[in-house]
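>
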Amino acid sequence: MIRVTLVASTPQEAYKLAYQRYSNNFKLVSAKQIYNQKKGEISCEIVVAMSKKKFLDSNTLVEEIQTLFLDKGLSQEAFDTIVASLDIATLRDKELLVSQILQKIDSSLCIRDENIIDTRVKIFVGPTGVGKTTTIAKLASRYKSMIEDEKSIALINLDSFKVGAFEQLAHFAKLLNLQHFPINNLEEFEKVYNSLENYDIILIDTTGISPFDTQKLIKTVEYLGVDKSKNIEVNLVIATTVKYEDLQAIHKTFSFLNIDTIILSKFDETRHVGTIINYLLTHSLALSYFTIGQNFPEDIIVANKEYLLEKFIGEL
Ligand SMILES: Nc1nc2c(ncn2[C@@H]2O[C@H](COP(=O)(O)OP(=O)(O)OP(=O)(O)O)[C@@H](O)[C@H]2O)c(=O)[nH]1
Ligand SMILES: [Mg+2]
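Position in the sequence shown (first residue = 1) + 53 = my numbering.
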């Protein structure tokens, strides 16, 4: 139960105040008169009690803050879970309330540490045009400076579907002076994949898949099946600009591939990240990188919570 103290000039006024705020959802616990010597005034203090749920339902501050966060894309469920864990003092103070909600979001967000040793083979999947190929090129450039033998990175391209896809990755491979393997079928992939055992890093590009295209999804599942020891880290690339409804469909489709981590692309193209934050919280997915522009190779950064929350706060 929550206890709230209300002060008014008369017991009737105090009771009226409680009724205005909490309708008839409260119980009167005590009432007393208080004499203010300085002012020479008598006032009345009443204490009322109600369940936390009833308190939250009638708390206009929580309502106001709820509207703020829900408008930014946070789900009602996520908001309710966070608020239920906060204490009463926080629920009465606007600044404290906002900062505690942000803190709870912060502690629930997951970041995947950059790791190119345990996860040396990475496949990049996602909807069409989100930036998979450019992200691979940016990462290949980044990883080159992180390993001793900078030639020990191979780029594999499974996108035999899009016209010009092989040429696009080949172009980046040439700029980076790396090996590039265009693949047309499972047999070719198996042969190439098994021949690259000694490479430090293998980055695999795929055909962009619309969330409703099961054919292409099945093909990617087949390609992943070539890796019997399940060493391939699955990176789902999502454009930060994605709409909530589309994100649900994307997740439903790509979760078939057992997503290991999320790369948020086109982070520079929006100021609204609430939908994405909500998605990450709901599915407990870990973020690994943000891509922040079209410039190759520099427009990529390792994901961090501060960067994401700063953008989110900027919206509030
Ligand atoms: N603004 C912005 N544009 C980006 C970013 N990353 C990629 N792009 C652009 O997005 C477009 C598509 O990039 P690609 O790398 O070809 O995307 P993809 O996912 O491989 O596309 P498909 O292979 O057709 O599915 C290009 O014009 C890129 O320059 C980013 O972080 N910010
Ligand atoms: Mg591509």
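Cβ atoms here follow ideal geometry from the backbone N, Cα and C, with glycine treated the same way.
Indicate whether the contact test is met: 3 or more Cβ pairs, each with one atom in the region 88-95 and one in the region 107-123, closer than 8 angstroms.
no
> Whose beta carbon lies closer than 5 angstroms to any heavy atom of ligand 4, going through the chain in order?
Ligand 4 is not part of the structure shown, which contains ligand 1 and ligand 2 as its ligands.
> The alpha helix (DSSP H) with residue 195 in it runs from where to where?
185-197
> Any heavy atom of ligand 1 closer than 7 angstroms to the Cβ of residue 183?
yes
> Please state the DSSP three-state secondary structure of residue 149.
Residue 149 falls in the helix class under three-state DSSP.
> Quick one: grab the DSSP three-state call for residue 160.
helix
> Between the region 128-146 and the region 347-357, do three or more beta carbon pairs fall short of 8 angstroms?
no
> Rounded to whole angstroms, what is the Cα-Cα separation between residue 383 and residue 259?
The question about residue 383 has no answer, for the chain in this structure spans 54 to 369.
> Taking the straight line between their C-alpha atoms, what separation do you get for residue 315 and residue 107?
Straight-line Cα distance between these residues: approximately 38 angstroms.
> For residue 125, which of helix, strand or coil comes out of DSSP?
coil
> Just to confirm, does residue 217 get its C-beta within under 7 angstroms of one of the non-hydrogen atoms of ligand 1?
no
> Compare the beta carbon distance of residue 307 and residue 289 with 8 angstroms and say whether it is the shorter of the two.
yes
> Using a Cβ distance threshold of 8 angstroms, determine whether the region 203-219 contacts the region 235-255, with at least three qualifying pairs required.
yes
> When you compare the CB positions of residue 335 and residue 317, do they come within less than 8 angstroms of one another, or not?
no
> Taking 8 angstroms as the cut-off, decide whether the C-beta atoms of residue 79 and residue 103 are in contact.
yes
> Just list the alpha helix (DSSP H) runs in the region 265-353, keeping only unbroken ones of 4 residues or longer that don't cross its boundaries, in chain order.
267-278, 297-307, 327-336
> With DSSP collapsed to three states, give me the class of residue 71.
helix
> Go to residue 108, then tell me how far its alpha helix (DSSP H) extends in each direction, as first and last residue.
105-110
> Using a threshold of 8 angstroms, state whether the C-beta atoms of residue 327 and residue 139 are closer than that.
no
> Within the chosen definition, does the region 147-161 reach the region 278-287 through at least 3 CB pairs nearer than 8 angstroms?
no
> State the Cα-Cα distance for the pair residue 329 and residue 214, rounded to the nearest angstrom.
29 angstroms
> Measuring CA to CA, which of 239, 274, 182 is closest to residue 221?
182
> Identify the residues that DSSP records as bridge partners of residue 63: which are they?
In the DSSP assignment, residue 63 is bridged to no other residue.
> Just how far apart, CA to CA, sit residue 337 and residue 161?
So the two alpha carbons sit approximately 8 angstroms from each other.
> Just how far apart, CA to CA, sit residue 159 and residue 241?
44 angstroms
> Below 8 angstroms between beta carbons: does that hold for residue 135 and residue 154?
Contact flag set, yes.
> From residue 367 to residue 125, what does the alpha carbon distance come to, in whole angstroms?
11 angstroms
> Sort out for me which residues DSSP pairs residue 178 with in a bridge.
289
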